[in-house]
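Here the sequence shown stands for residues 1 to 358, numbered as in the working numbering. Note sheet for the following structure.
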Amino acid sequence: MSKTYNIAVIPGDGTGPEVVAEGLKVLNAVAAREGFKFDLTHFDFGGERYLKTGETITDSAIEDLRKFDSIFLGAIGHPDVKPGILETGILLKIRFSLDQYINLRPVKLYPNVETPLKDKGPEHIDFVVIRENTGGIYTGHGGATRTGTPDEIATQLMVYDRRTVDRCLKYAFGLKKKRNAVNKKYAEKPITLIHKRNVLTHCGDLWYRAFEEMGAKEFPELKRDYNHVDAANMWFVKNPEWFDVAVTENLFGDIITDLGAMIQGGLGVASGGNINPEGVSMFEPMGGSAPKYAGRKVINPMAAIGAAMMMLDTLGEVKASQAVETAMTSTMQKMKSQTAGQMGMSTSEVGDMVAGLL
Ligand code: IPM
Ligand code: MN
């Protein structure tokens with residue numbers, strides 16, 4: 001009997017459903033070719049449902065999600081819903097409840113994809129950022145007092161404990177070791193810790209010591225480097241070829257991965273994984289719900305297809321994942337641009353082409 005993966009699908013808002021449809025098209029095509037199956041269960045969480053019912057994601061739905069092999073997400077965000085409600089109520093709630101403590105963001109420039117960086121090509125931009133995904137400022141520790149008065153105070157604390165730092169670093173070192181084994185070019189480069197330890201002398205020191213200790217003790221063969229986050233921003237633009245695996249805390253990771261998305265060709269091609277290495281992971285295109293493009297068949301589904309590729313890899317279907325990447329690469333060569341509305345093809349034509357190559 002062929003293997004069946006149970007996947008929870010959350011298409012979400014705006015262009016989310018359009019790009020998810022293309023991702024699923026590609027997943028089904030590669031499954032047929034490699035001899036496995038997907039059993040898909042759709043969930044309607046998102047802005048529309050919230051506006052109708054006042055519900056973001058329910059606790060019982062979270063319990064349901066735990067039973068799947070993986071989650072495939074489109075986009076969450078609705079112009080009529082106040083910022084923060086859907087983000088914390090759906091996206092962050094899933095990440096935290098399912099303890100998806102790794103945010104994995106490949107920053108890879110494919111051939112024929114335009115980067116805003118002058119004189120940089122695919123040989124220069126090929127690294128991954130590992131963003132710690134459950135701690136730091138995102139924990140919401142802090143509060144506000146005297147709100148609305150001239151004396152108001154608000155705090156939001158960067159919270160880290162050694163266990164949270166260590167498990168993230170362990171994943172990062174492990175991935176670095178894996179990448180070094182597959183490609184000599186990666187092996188020449190260090191694993192880079194990114195923080196701000198010259199100012200964040202408590203949290204930065206915790207991360208730095210944990211990084212140095214684990215590196216020296218468990219991964220002595222791996223070269224280590226450290227960048228302050230502000231400097232890392234400069235190097236992402238000036239010398240992206242210095243990076244292979246970069247690991248950082250939650251908020252810094254949020255910020256630098258948007259820069260990463262731009263140098264790899266924009267939100268049309270940037271994919272990410274919210275990974276619990278011991279549990280249920282969730283994959284998503286990095287672009288938002290892009291309401292102004294919704295229903296116009298012009299949005300680029302490549303980021304969602306890339307998210308599907310990452311999902312295959314995490315499920316252990318490495319051959320299928322590589323086949324999808326090859327088909328994506330050829331398709332990108334034939335597209336005029338990776339920008340919405342300028343692709344020279346419609347959303348579904350891009351998906352058809354990738355699926356057709358499988
Ligand atoms: C991301 C997003 C989220 C984050 C928002 C939507 C809560 O920006 O996935 O990077 O800040 O993590
Ligand atoms: Mn972000």
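All C-beta atoms in this analysis are idealised placements derived from N, C-alpha and C, irrespective of residue type, glycine included. As the structure is a computational prediction, the values presented were derived from the model and not from experiment.
query: Is the beta carbon of I255 less than 7 angstroms from the beta carbon of L117?
result: Translated into positions along the sequence shown, residue 255 becomes position 255. Translated into positions along the sequence shown, residue 117 becomes position 117. Going by C-beta atoms, I255 is not nearer than 7 angstroms to L117.
- request: Could you give the DSSP three-state label for R179: helix, strand or coil?
  value: Residue numbering aside, residue 179 sits at position 179 when the sequence shown is read from its first letter. Of the three classes helix, strand and coil, the one that applies to R179 here is helix, per DSSP.
task: Could you say if the stretch 240 to 248 and the stretch 186 to 197 meet the contact criterion of at least three C-beta pairs nearer than 8 angstroms?
output: yes
message: Across the stretch 127 to 145 and the stretch 153 to 168, are there enough close Cβ pairs to call them in contact, namely three or more that are closer than 8 angstroms?
response: yes
- request: Report yes if the C-beta distance between R131 and G54 is below 7 angstroms; otherwise report no.
  value: For the purposes of this step, residue 131 is taken as residue 131 along the sequence shown, with counting starting at 1. For the purposes of this step, residue 54 is taken as residue 54 along the sequence shown, with counting starting at 1. In this structure, G54 does not lie closer than 7 angstroms to R131 by Cβ.
message: Short of 6 angstroms in beta carbon distance, which residues of its chain neighbour H78, apart from the five on each side in sequence? Order them along the chain.
response: Along the sequence shown, read from residue 1 onward, the residue named residue 78 stands at position 78. Excluding sequence neighbours, H78 sits near D13, G47.
Distance, G143 Cα to D151 Cα: By one-based count along the sequence shown, residue 151 stands at place 151. By one-based count along the sequence shown, residue 143 stands at place 143. Looking at the two C-alpha atoms, the distance is approximately 14 angstroms.
field: Status (buried if at least 16 other CB within 10 Å, exposed otherwise) for L98
entry: As a first step, residue 98 is located in the sequence shown; it is residue number 98 there, counting from the start. Buried, because 16 or more other Cβ atoms sit within 10 Å of the Cβ of L98.
Alpha helix (DSSP H) segment containing N274, residue limits: Start at 1 with the first residue of the sequence shown, and residue 274 comes out as number 274. Segment 271 to 275 is the beta strand (DSSP E) holding N274; no alpha helix (DSSP H) there.
task: Go through its chain and collect everything with a Cβ distance to M328's Cβ below 8 angstroms, but skip five positions before and after it.
output: One-based indexing of the sequence shown puts residue 328 at position 328. Closer than 8 angstroms at Cβ, skipping near neighbours: Y110, M302, I305, G306, M309, V354.
- prompt: How would you label N198, buried or exposed, when you count the other beta carbons within 10 angstroms and need 16 or more for buried?
  reply: Your numbering for residue 198 matches position 198 in the sequence shown. Its Cβ having fewer than 16 others within 10 Å, N198 is exposed.
- request: Rank E349, P190, T326, E325 by C-alpha distance to the C-alpha of K336 and give the top, closest one.
  value: Within the sequence shown, residue 336 is the residue found at index 336, counting from 1. Residue E349 is the option with its Cα nearest to K336.
- prompt: With DSSP run on the structure shown, which of helix, strand or coil describes M335?
  reply: Here residue 335 corresponds to residue number 335 of the sequence shown, with the count starting at 1. In the structure shown, M335 sits in coil (DSSP, three-state: anything other than H, G, I, E or B).
message: In whole angstroms, give me the CA-to-CA distance for K37 and N6.
response: In the sequence shown, counting from the first residue as 1, residue 37 sits at position 37. In the sequence shown, counting from the first residue as 1, residue 6 sits at position 6. The straight-line gap from Cα to Cα measures roughly 9 angstroms.
task: With hydrogens ignored, establish whether the beta-carbon of E212 is closer than 6 angstroms to any heavy atom of ligand 1.
output: Position 212 of the sequence shown, counted from the start, is the residue given in the question as residue 212. No, the beta carbon of E212 sits no closer than 6 angstroms to any heavy atom of ligand 1.
Segment contact flag, the stretch 68 to 77 with the stretch 20 to 28, C-beta cutoff 8 angstroms, min 3 pairs: yes
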